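Colleague: Shown below is the structure under consideration.
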Amino acid sequence: MNQEQMKQAFTEKYGTGGDIRVFHAPGRVNLIGEHIDYNGGYVLPAALEFGTALAIRANHDKVVRLASVNFPELEGTFALPEIGLGTTKEWMDYPLGIMTVLQERGTSLSSGYDLLFFGNIPNGSGLSSSASIEVVTAYALLSLEQGHIDTVEIAVMSQRAENEFVGVNCGIMDQFAVANGVKDHAILLMCDTLEYKRVPFRTGQYKLVIGNTNKRRGLVDSKYNERRSQCEAALTALQPHVDNLSYLAQLTPEQFGLLEEQIQDSIVRDRARHVVEENARVLASVEALRQDDLKQFGELMNASHESLRDLYEVSCTELDVMVEEARRIPGTLGSRMTGAGFGGCTVSLVHEDDTDLFVQQVGQAYRERTGLEADFYICGVGNGVEEWNG
Ligand code: ADP
Ligand code: MG
């Protein structure tokens, strides 16, 4: 829905009058840099062209009304003093969480508001519809309440709402990319310091094709925790031999090569090798983008997938099949799993002339080989959160 359609849907729900404003926050995809955020390394996410729109207007009723076109039968009205007192266990917790965090930092709502959301990001597929709804809510409310907006702070607040109010233990990358993305740019981000740089990502005639494996994810949490403790073990083994080593990703591949024998367990050594090399690949990707070398960028995407599959072992048959079939399409420069793994999505860089062929052929081969139906989303790199002005 565009701005006019959002306004129309809003007045149909809440009535005419007043100043209706429309905001939008995108979904995101991580282009490269997987499983290195908790190892002190860089990630390279980008905002997508689809996301969550929010139409909002102040009311005189001292209540917050929440509605979403995506969940028509689940609406809520909350008196202002109720905000922060409890959760609903429904989608409303995302905006309520933001309002709670705002309140905790001293920005209580000065009036009631009516909100209507509409999103076109598939929920629960790893493209971060949750970060998108959080960030758009925070940005809209701060715009209406204060005018002054710091998008880094919005990312931090949104992560906090998801961690503490919704109860999902996510990192900062998603909210950061959604809040700070810029069209045709990726974001090089160090998650623990929030040091970041926008890197031009001129995709030209190439598109991102995101493929959802629709594989039901099991075991993700336990495997994730296992990988984290393996990284801890590797770090502990290396620390006596390197000064001031606090994260694995501080090591270059060359340094790691000289040290790796210190890690006794070969599996733990492989995990650490992935971290060190993946971090180096992120930096090499940035260099490739600076030179508009998308071919090299695609090769780094491919190498990232191989490492996640063989060294870090967080891929699965479905992701591997989708990536393998993607690379058969002549216009594919690179393809890899994205996200924590064991299911979820792949991201491929594909020439625009070949995206239809990609969707058709990869979809068919994937169905034949896995028995699952894939979904594909073709998109460019979009803006971070913004107000839609008509
Ligand atoms: P992901 O972030 O990978 O899409 P999550 O499970 O973290 O998956 O977040 C999805 C949830 O976010 C949805 O189930 C819903 O509660 C909420 N959400 C996302 N977009 C919307 C929307 N447009 N309207 C209402 N709720 C939404
Ligand atoms: Mg999410």
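First residue of the sequence shown: 1, per UniProt numbering; consecutive thereafter.
We put the CB at the ideal spot given by N, CA and C, even for glycine.
Model, not experiment: these values are computed from the prediction.
#1: Check whether the Cβ of Ser68 sits closer than 7 Å to any heavy atom of the ligand MG, and report yes or no.
#2: So what does DSSP say about Met1, is it helix, strand or coil?
#3: Determine the direct distance from the alpha carbon of Ala249 to that of Val43, and round the result to whole angstroms.
#4: For the alpha helix (DSSP H) containing Pro95, name the first residue and the last one.
#5: What are the partner residues of Phe23, as DSSP defines its beta bridges?
#6: Spell out the partners DSSP gives Tyr206 in its beta bridges.
#7: Is it the case that the CB of Ser130 approaches a heavy atom of the ligand MG more closely than 7 Å?
#8: Report the three-state DSSP secondary structure of Tyr224 (helix, strand or coil).
#9: First and last residue of the beta strand (DSSP E) that includes Ala186?
#10: Closer than 7 Å: is that where the CB of Phe71 sits relative to any heavy atom of the ligand ADP?
#11: I need the boundaries of the beta strand (DSSP E) containing Tyr196, first residue and last residue.
#12: For the region 297 to 305 and the region 214 to 225, state whether three or more C-beta atom pairs, one from each stretch, are separated by less than 8 Å.
#13: What I want to know is whether the C-beta of Asn123 ends up closer than 7 Å to one or more non-hydrogen atoms of the ligand ADP.
#14: In terms of residues, what are the limits of the alpha helix (DSSP H) holding Arg160?
#15: If we ignore side chains and look at the alpha-carbon of each, how far apart do Cys191 and Ala53 end up?
#16: Determine the DSSP secondary structure at Leu66, reduced to helix, strand or coil.
#17: Quick one: does the C-beta of Leu142 sit closer than 7 Å to a heavy atom of the ligand GTP?
#18: Just to check, is the beta-carbon of Ile133 closer than 7 Å to a non-hydrogen atom of the ligand ADP?
#19: According to DSSP, simplified to helix, strand and coil, what is Gly211?
#20: Roughly how many whole angstroms lie between the Cα atoms of Val69 and Pro95?
#21: Taking the alpha carbon of His351 as the point to measure from, which residue in Ile83, Arg336, Thr203 has its own alpha carbon closest?
#22: Taking only runs that begin and end inside the region 215 to 293, name each unbroken alpha helix (DSSP H) of 4 or more residues, in chain order.
#23: What are the boundary residues of the beta strand (DSSP E) that includes Ile133?
#24: Bridge partners for Asn180 per DSSP, in chain order?
#25: Closest by CA to Lys89, which one among Glu134, Leu311, Gly167, Tyr113?
#26: Where Tyr14 and Gln360 are concerned, what is the direct C-alpha to C-alpha distance, given to the nearest angstrom?
#27: For Gly119, which residues does DSSP report across the bridge?
#28: For Tyr366 versus Glu325, is the C-beta distance shorter than 8 Å?
#29: Where Ala237 and Ala374 are concerned, what is the direct C-alpha to C-alpha distance, given to the nearest angstrom?
#30: Can the beta-carbon of Ala46 be found closer than 8 Å to that of Ala186?
#31: Which of the three DSSP states is assigned to Leu333 in this structure?
#32: Do you know offhand how far Glu49's Cα is from Gln3's?
#33: Give me the Cα-Cα distance between Val286 and Val242, rounded to the nearest whole angstrom.
#34: With H, G and I counted as helix, E and B as strand and the rest as coil, what does DSSP make of Pro81?
#35: Have a look at Arg273, Arg228, Asn212 and flag the residue whose alpha-carbon is nearest the alpha-carbon of Pro122.
#36: Using a Cβ-Cβ cutoff of less than 8 Å, which residues in the same chain neighbour Val93 once the five nearest sequence positions on both sides are dropped?
Modeller: Walking through what the data contain:
#1: No; taking the cut-off as 7 Å, the Cβ of Ser68 has no heavy atom of the ligand MG nearer than that.
#2: DSSP places Met1 in the coil class of the three-state scheme, outside both helix and strand.
#3: For Val43 and Ala249, the distance between alpha carbons rounds to 11 Å.
#4: First-last of the alpha helix (DSSP H) with Pro95: 93 to 104.
#5: Bridge partners of Phe23: Leu54, Glu387.
#6: Tyr206 is bridged to His351.
#7: Answer for Ser130: yes, Cβ within range of the ligand MG.
#8: Helix.
#9: Per DSSP, the continuous beta strand (DSSP E) segment holding Ala186 begins and ends at 185 to 190.
#10: In this structure, Phe71 has its beta carbon less than 7 Å from a heavy atom of the ligand ADP.
#11: It spans 195 to 200 - the beta strand (DSSP E) in which Tyr196 sits, taken as one unbroken run.
#12: No contact exists between the region 297 to 305 and the region 214 to 225.
#13: If you check the C-beta of Asn123 against the ligand ADP, you find a heavy atom less than 7 Å away.
#14: Its alpha helix (DSSP H) spans residues 151 to 160.
#15: Using only the alpha carbons, I get a separation of about 26 Å.
#16: Assigned with DSSP and collapsed to three states, Leu66 falls in strand.
#17: Among the ligands in the structure shown, the ligand GTP does not appear; only the ligand ADP and the ligand MG can be found there.
#18: Checking the Cβ of Ile133 against the ligand ADP gives yes.
#19: Here DSSP, grouped into helix, strand and coil, assigns Gly211 to strand.
#20: When rounded, the separation of the alpha-carbon atoms in Val69 and Pro95 is 15 Å.
#21: His351 has its Cα closest to that of Thr203, out of Ile83, Arg336, Thr203.
#22: Taking only runs of at least 4 residues, the alpha helix (DSSP H) segments lying wholly in the region 215 to 293 are 220 to 238, 253 to 259, 266 to 290.
#23: For Ile133, there is no enclosing beta strand (DSSP E); the residue is found in the alpha helix (DSSP H) stretching over 129 to 145.
#24: DSSP lists no partner for Asn180.
#25: Per the Cα distances, Gly167.
#26: Straight-line Cα distance between these residues: approximately 42 Å.
#27: Beta-bridge annotation (DSSP): Gly119 is paired with Thr52.
#28: Yes. Within cutoff.
#29: If you take the alpha carbons of Ala237 and Ala374, they lie about 42 Å apart.
#30: Yes. Within cutoff.
#31: DSSP places Leu333 within a strand segment (E or B) once states are collapsed to three.
#32: Roughly 15 Å separates the two Cα atoms.
#33: Approximately 27 Å between the Cα atoms of the pair.
#34: Note: Pro81 maps to helix in three-state DSSP.
#35: Of Arg273, Arg228, Asn212, the residue nearest in Cα terms is Asn212.
#36: Checking the sequence, you will find Asp at residue 93 rather than Val. Closer than 8 Å at Cβ, skipping near neighbours: Thr87, Phe165, Val166.
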